[in-house]
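Asker:
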Amino acid sequence: MGKATDIRIEQIDEYRWRIPKDSRPGMRVDGIIYADEKLMAHIRGEQAADQVANVATLPGIVGASLAMPDIHWGYGFCIGGVAATDIAAGGVVSPGGVGYDINCGVRLLRSDLTVEQVRPQMKALIDQLFRDIPCGVGVGGPFKFSDTELRRICLGGAKYLAETGLADEDDLAATEAGGALDGADPDAVSPVAYRRGRDQCGTLGAGNHFVEVQAVEEIFDAQAAEAMELAEGKVCVMIHSGSRGFGYQVCDDAIKSLRKVPEKFGITLPDRQLICAPVESPEGKRYLGAMRSAANYAWANRQLLARLTRKALSHHFKTPVESLGLRQVYDVAHNIAKIETHDVGGRPRKLCVHRKGATRAFGPGHDELPQRYRAVGQPVLIPGDMGTASYVLVGTAGAMKQTFGSTCHGAGRVMSRKAAIRAAAGRRIDAELAAAGIFARARGRSGLDEEQPDAYKDIHNVVDVVVAAGLARKVARLKPMGVIKG
Amino acid sequence: MAGHCETFEHTADVGLQGRADSLGELFEAMGEGLAEVICPRRSVKKQKTLKIRTESENVEALLVDFLGDLLGLFNLEKFLVAGVKVERIDETSVAAEVTGEPYDPARHELADEIKAVTYHQLKVAREGDEWTGRVILDV
Chain A
1 MGKATDIRIE QIDEYRWRIP KDSRPGMRVD GIIYADEKLM AHIRGEQAAD QVANVATLPG
61 IVGASLAMPD IHWGYGFCIG GVAATDIAAG GVVSPGGVGY DINCGVRLLR SDLTVEQVRP
121 QMKALIDQLF RDIPCGVGVG GPFKFSDTEL RRICLGGAKY LAETGLADED DLAATEAGGA
181 LDGADPDAVS PVAYRRGRDQ CGTLGAGNHF VEVQAVEEIF DAQAAEAMEL AEGKVCVMIH
241 SGSRGFGYQV CDDAIKSLRK VPEKFGITLP DRQLICAPVE SPEGKRYLGA MRSAANYAWA
301 NRQLLARLTR KALSHHFKTP VESLGLRQVY DVAHNIAKIE THDVGGRPRK LCVHRKGATR
361 AFGPGHDELP QRYRAVGQPV LIPGDMGTAS YVLVGTAGAM KQTFGSTCHG AGRVMSRKAA
421 IRAAAGRRID AELAAAGIFA RARGRSGLDE EQPDAYKDIH NVVDVVVAAG LARKVARLKP
481 MGVIKG
Chain B
487 MAGHCETFEH TADVGLQGRA DSLGELFEAM GEGLAEVICP RRSVKKQKTL KIRTESENVE
547 ALLVDFLGDL LGLFNLEKFL VAGVKVERID ETSVAAEVTG EPYDPARHEL ADEIKAVTYH
607 QLKVAREGDE WTGRVILDV
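As they're listed, the protein sequences go chains A and B. Using the numbering used here, you'd call the opening residue of the first sequence number 1 and step up by one each time. Using the numbering used here, you'd call the opening residue of the second sequence number 487 and step up by one each time.
#1: Could you name each continuous beta strand (DSSP E) segment of 3 residues or more that falls completely within the stretch 19 to 95 of chain A, going from the start of the chain to the end?
#2: Between the stretch 490 to 512 of chain B and chain A, which residues of the former have a C-beta closer than 7 Å to a C-beta of the latter?
#3: Assuming the contact rule is C-beta atoms closer than 8 Å, V414 of chain A and L393 of chain A should be a hit. Round their C-beta distance to whole Å, please.
#4: Contact criterion: CB-CB distance below 8 Å. Does D101 of chain A meet it with respect to chain B?
#5: Here's the rule: buried if 16 or more other CB atoms are within 10 angstroms of the residue's CB, otherwise exposed. What is F560 of chain B?
#6: Mind listing the chain A neighbours of H606 of chain B? Cutoff is C-beta to C-beta under 7 Å, in chain order.
#7: State the DSSP-derived secondary structure class of H460 of chain A, mapped to helix, strand or coil.
#8: Can you have a look at H334 of chain A and say buried or exposed, based on whether 16 or more other CB atoms are within 10 angstroms of its CB?
#9: What did DSSP end up calling M1 of chain A once you bin it into helix, strand or coil?
#10: Which runs of the alpha helix (DSSP H) spanning at least 4 residues fall entirely within the stretch 280 to 328 of chain A, listed in chain order?
#11: Going by beta carbon distance, what residues of the same chain come within less than 6 Å of L509 of chain B, once the five residues before and after it are set aside?
#12: Less than 8 Å separating the beta-carbons of T302 of chain A and S241 of chain A?
#13: Would you mind working out which of B:L596, B:E511 and B:V545 sits nearest R443 of chain A, comparing C-alpha positions?
#14: With distance defined between alpha-carbon atoms, name the residue in A:R349, A:A89 and A:I43 nearest to W73 of chain A.
#15: List the residues of chain A that V625 of chain B touches, going by C-beta distances under 8 Å, in chain order.
#16: Between K256 of chain A and A424 of chain A, what straight-line distance do the alpha-carbon atoms span, to the nearest angstrom?
#17: If we count the other Cβ atoms within 10 Å of its Cβ and call it buried at 16 or more, is E37 of chain A buried or exposed?
#18: Could you check how far apart the C-beta atoms of A35 of chain A and A48 of chain A are, in whole angstroms? I think they sit under 8 Å.
#19: When the Cβ atoms of the stretch 350 to 362 of chain A are set against those of the stretch 197 to 207 of chain A, are three or more pairs found closer than 8 Å?
#20: Are three or more beta carbon pairs between the stretch 276 to 290 of chain A and the stretch 88 to 96 of chain A nearer than 8 Å?
#21: Between which two residues does the alpha helix (DSSP H) carrying L269 of chain A extend?
#22: If you measure from the beta carbon of L470 of chain B to each beta carbon in chain A, is any gap under 8 Å?
#23: If you draw a straight line from the C-alpha of A215 of chain A to the C-alpha of V115 of chain A, how long is it?
#24: Considering only the beta carbon of each residue, do F552 of chain B and G517 of chain B sit closer than 8 Å?
#25: Rounded to the nearest angstrom, what separates I484 of chain A and D449 of chain A at their Cα positions?
#26: For the stretch 246 to 262 of chain A, enumerate the residues whose C-beta is nearer than 9 Å to any C-beta of chain B, in chain order.
#27: Does the distance from the CB of S243 of chain A to the CB of D101 of chain A come in under 8 Å?
#28: For a contact defined as C-beta to C-beta under 9 Å, what are the partners of A611 of chain B on chain A?
#29: Going by DSSP, which residues form a beta bridge with T488 of chain A?
#30: Restricting to runs no shorter than 4 residues, where is the alpha helix (DSSP H) found entirely within the stretch 362 to 408 of chain A?
#31: Quick one: give me the first and last residue of the beta strand (DSSP E) that L536 of chain B is part of.
#32: Figure out for me which residue from B:V625, B:G619 and B:E599 has the closest Cα to the Cα of G138 of chain A.
#33: Return helix, strand or coil for M516 of chain B, following the three-state DSSP convention.
#34: Comparing C-alpha positions only, which one of B:T604, B:E541 and B:Q533 sits nearest to T578 of chain B?
#35: Using a Cβ-Cβ cut-off of 8 Å, state whether E599 of chain B counts as contacting chain A.
#36: Quick one: is G266 of chain A buried, meaning 16 or more other Cβ sit within 10 Å of its Cβ, or exposed?
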């Protein structure tokens with residue numbers, strides 16, 4: 001787990017902790033961590049808080065270097081971090097502030113299926129999903145794209161797939177950014193990335209990526225749930241994946257090519273993994289062009305995964321897809337950098353907002369929200385561990401004010417992968433989950449062991465903190481019924 | 487002493503730390519340590535030999551780039567590594583012979599998906615007669 005932090009942390013209130021900007025040399029703003037006492041005890045035990053302080057040194061950073069309650073030790077940035085830089089003030093973009101899995105994110109499909117209908121067939125349904133959805137390390141899928149098509153995916157993301165009949169307008173309307181960011185530059189993507197991306201669009205990958213069948217266990221907000229067409233006792237499917245090898249390569253290439261850039265702009269970094277370039281510099285623009293290409297690839301990937309999921313359910317229930325009511329609730333990114341306008345000191349500023357293991361959570365009325373969510377706020381999808389629960393939240397005005405419209409992204413790991421495998425020794429995680437009524441299948445040797453419920457923080461605790469701090473409101477709690485992992 | 491490499495704990499990722507009598511042995515040990523995280527080496531046959539050559543601006547960047555090139559053999563060529571033998575090395579370039587075989591899903595059980603070799607807490611240093619290295623992999 002690494003060594004404990006010795007950085008100065010002051011409590012602001014029950015859910016907020018400050019790392020004052022004089023705690024470490026070079027900090028330009030304070031660090032603020034959202035957590036309660038219990039979560040803080042774990043955070044103090046590792047080096048994530050030092051990483052929050054390191055991020056506070058980035059040129060142009062405004063407000064504070066923020067960390068959500070699912071914060072844990074990452075590389076460069078912590079996971080669960082939000083950092084916004086003022087573009088006009090020389091603000092930087094950092095590939096480390098996005099991560100290797102660019103636009104890793106979550107998509108949720110609701111359905112008309114009931115828990116009573118699905119539960120007796122769970123094992124067969126999970127087997128069907130496991131057969132139909134390519135998953136595992138480096139596994140390719142049924143969709144093959146030429147370099148020309150991949151360049152179109154870079155530019156158009158899920159929107160491009162709509163042109164080819166693989167996506168529909170209703171899905172796009174319920175996807176962050178409509179399924180494609182403007183400003184992608186396919187020429188900024190290396191041939192190696194194209195090679196890696198050729199057969200991986202429409203594949204789940206490995207690690208913590210999954211497709212999970214869930215029951216709507218409890219509704220907390222009737223109006224928002226109605227807008228999302230969620231009702232207690234109905235079944236949903238949650239998809240978690242990102243930009244696959246294509247995105248990893250884009251990030252790796254960027255970090256390599258930016259190595260000498262901080263020196264060129266006179267930027268001193270406490271950690272080389274925070275490598276960055278001013279947003280307005282040629283190097284910064286090139287990275288953003290490549291990053292947006294990978295983000296769009298990820299939206300196309302989740303679109304194809306949703307298509308495979310719908311087909312698998314249709315095949316299993318011997319019912320046309322249209323009769324299952326598998327409407328997309330939303331699709332959100334949780335590893336991304338976006339240009340957004342937020343109020344800073346009472347003035348609207350154009351910012352580069354990095355969300356690394358953090359989810360956009362725009363409040364009601366924001367003009368980027370589709371009509372059906374305008375009144376309730378943006379749906380925020382928070383997967384928990386596979387044995388406990390996931391949540392659907394909505395963004396709030398409080399998030400707009402405090403965190404550049406951001407909130408947490410999941411439970412957050414608490415156990416290293418090695419420790420999780422040790423803790424699983426002599427146990428059968430799949431059998432333990434089955435005893436709790438959850439059917440799990442994984443491709444990899446250690447997939448289920450590494451992802452066992454005990455490896456994560458308590459999702460209820462994490463969500464309660466963001467809700468109490470005013471960063472989101474609860475809409476629904478979803479209970480896992482079955483899951484496939486890479 | 488031949489080189490030695492082991493993994494260390496990091497909350498979300500996997501760390502590799504190695505030590506050896508020479509820089510070449512350190513790179514061999516860490517290259518084989520990386521291979522072990524991709525797929526246990528006892529299941530990989532030394533069937534084919536490839537040559538790799540990596541250049542970089544300093545010895546730490548060289549380790550990241552060298553491990554990145556080894557990772558690329560799996561990501562791009564689906565080649566699994568059983569052994570690494572450094573032929574020539576200085577602080578900015580390394581030439582190595584890599585033995586292994588193509589990935590066969592029927593025989594090889596892959597461990598973790600490694601997204602990249604990161605620069606976080608990266609270290610290559612000479613301490614007395616010993617070379618030590620440390621790197622964190624994003625998984």
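Glycine included, every Cβ here is placed at the ideal spot set by N, Cα and C. Note that the structure is predicted; figures quoted are calculated from it, not measured.
Answerer: On the basis of the coordinates in this document:
#1: DSSP runs (the beta strand (DSSP E)) wholly in the stretch 19 to 95 of chain A: 31 to 34, 61 to 72 and 79 to 86.
#2: Per Cβ criterion, the list reads T493, E495, H496, T497, A498, D499 and V500.
#3: Incorrect: roughly 21 Å between the Cβ atoms, too far for contact.
#4: yes
#5: buried
#6: Y75, G76, D271 and Q273
#7: helix
#8: buried
#9: Note that M1 of chain A scores 48 on pLDDT, short of 50, meaning its location in the model is unreliable; the coordinates nonetheless yield the value given after this. Here M1 of chain A sits in coil by DSSP.
#10: 282 to 317
#11: I575 and W617.
#12: Note that residue 302 of chain A is Arg in the sequence shown here, rather than Thr. Yes; because the gap between Cβ atoms is below 8 Å, this pair is in contact.
#13: B:L596
#14: A:I43
#15: G207 and R417
#16: 37 Å
#17: Flag for E37 of chain A reads exposed.
#18: At roughly 10 Å, the Cβ-Cβ gap does not stay under 8 Å, so A35 of chain A and A48 of chain A are not in contact.
#19: The way I'd put it, the stretch 350 to 362 of chain A doesn't touch the stretch 197 to 207 of chain A; fewer than three beta-carbon pairs between them come closer than 8 Å.
#20: yes
#21: Counting along the chain, L269 of chain A falls outside any alpha helix (DSSP H), and DSSP gives it neither H nor E.
#22: Outside the shown range of chain B, which is 487 to 625, sits residue 470 of chain B, and nothing can be said about it.
#23: Note on geometry: alpha-carbon atoms of A215 of chain A and V115 of chain A lie some 6 Å from one another.
#24: Yes.
#25: 13 Å
#26: G247, Y248, Q249, C251, D252, I255, K256, R259 and K260
#27: yes
#28: Those do not exist, as A611 of chain B stays about 15 Å from chain A at its closest Cβ, beyond 9 Å.
#29: Summary: the structure shown does not reach residue 488 of chain A, with chain A confined to residues 1 through 486, and so no result is reported for it.
#30: 397 to 402
#31: It spans K534 to E541 - the beta strand (DSSP E) in which L536 of chain B sits, taken as one unbroken run.
#32: Of the candidates B:V625, B:G619 and B:E599, B:E599 places its Cα closest to the Cα of G138 of chain A.
#33: helix
#34: B:E541
#35: yes
#36: exposed
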